[in-house]
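Counting from 25, one number per residue, gives the positions in the sequence shown under the numbering used here. Built from N, CA and C at the ideal position, the CB exists for glycine as well. Just so you know, these numbers come straight off a predicted model, no measurement behind them. To start, the structure under review is shown below, and the notes come after it.
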Amino acid sequence: MAESDRLPPTVGALSQHILRAQIQGRVWGQACILQQERLDPMLHGYYKLDDLKLQPKTTDLPLAPEAFVEMVKCQCKSNCTSNRCSCKRKNLPCTDLCLCSTNCDNDEDTLTKMIVMVNLPLFFGFSVQ
């Protein structure tokens, strides 16, 4: 399956990262000071879980517009080898948003492996028969 961490960062992710970096910069800048002025982590890129642990906010914006998310995901129950798969029909690889199985034959990783296996013999100057 295509990994969602391969998506490029958004402006929302950048702004949250900058907020978290401000806290780190403040701590490092005041390392020699006994009474440091602390920034509120809740206002600088963090949120609290139920057990009161701080977690970083990854973004404050959606990763993609909702219309795009709804448009590009299949509802397949199998490995997406036929044109019944809406992603395959549109010549798109399946993504993490799709409901297909983990052994999908139309995901980006499988397609990349297939391209390499087909083109590798050509690269080395012999053909597969």
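Inset, instruction - Quick one: give me the first and last residue of the alpha helix (DSSP H) that LEU38 is part of. - result: 35-53 is the extent of the alpha helix (DSSP H) around LEU38.
Legend entry - LYS72, enclosing beta strand (DSSP E) - first and last residue: Taken as a continuous stretch (DSSP letters only), the beta strand (DSSP E) holding LYS72 covers 70-72.
Legend entry - Beta-carbon spacing of CYS98, SER110 below 8 Å: Their beta carbons are under 8 Å apart, which means CYS98 touches SER110 by this criterion.
Legend entry - Boundaries (first-last residue) of the alpha helix (DSSP H) holding SER110: Membership of SER110 in the alpha helix (DSSP H) is indicated by the continuous run 110-113.
Legend entry - Where ASN127 falls, given that 16 or more other Cβ within 10 Å makes a residue buried: So ASN127 ends up on the exposed side.
Inset, instruction - Give the straight-line distance between the Cα atoms of LEU63 and GLN48, rounded to the nearest whole angstrom. - result: Approximately 10 Å between the Cα atoms of the pair.
Inset, instruction - Would you please state the rounded distance, in angstroms, between the beta carbons of GLN40 and ASP74? I believe it to be under 8 Å. - result: Between ASP74 and GLN40 the Cβ distance is about 21 Å, and since that is not below 8 Å, they are no contact.
Legend entry - Host beta strand (DSSP E) of GLN79 (start-end): Element bounds for GLN79: 78-80.
Inset, instruction - Please name the residue in LYS81, CYS122, PRO86, CYS118 whose C-alpha comes closest to that of GLN43. - result: The sequence shown places Leu at residue 43, not Gln. Answer by Cα proximity: LYS81.
Inset, instruction - Please confirm if THR119 has its CB atom under 8 Å from at least one CB of chain E. - result: Although the question refers to chain E, the structure presented lacks it and comprises just one protein chain.
Inset, instruction - Look at the alpha carbon of ASN115 and the alpha carbon of LYS77, and state the distance between them as a whole number of angstroms. - result: Cα to Cα, ASN115 sits roughly 43 Å from LYS77.
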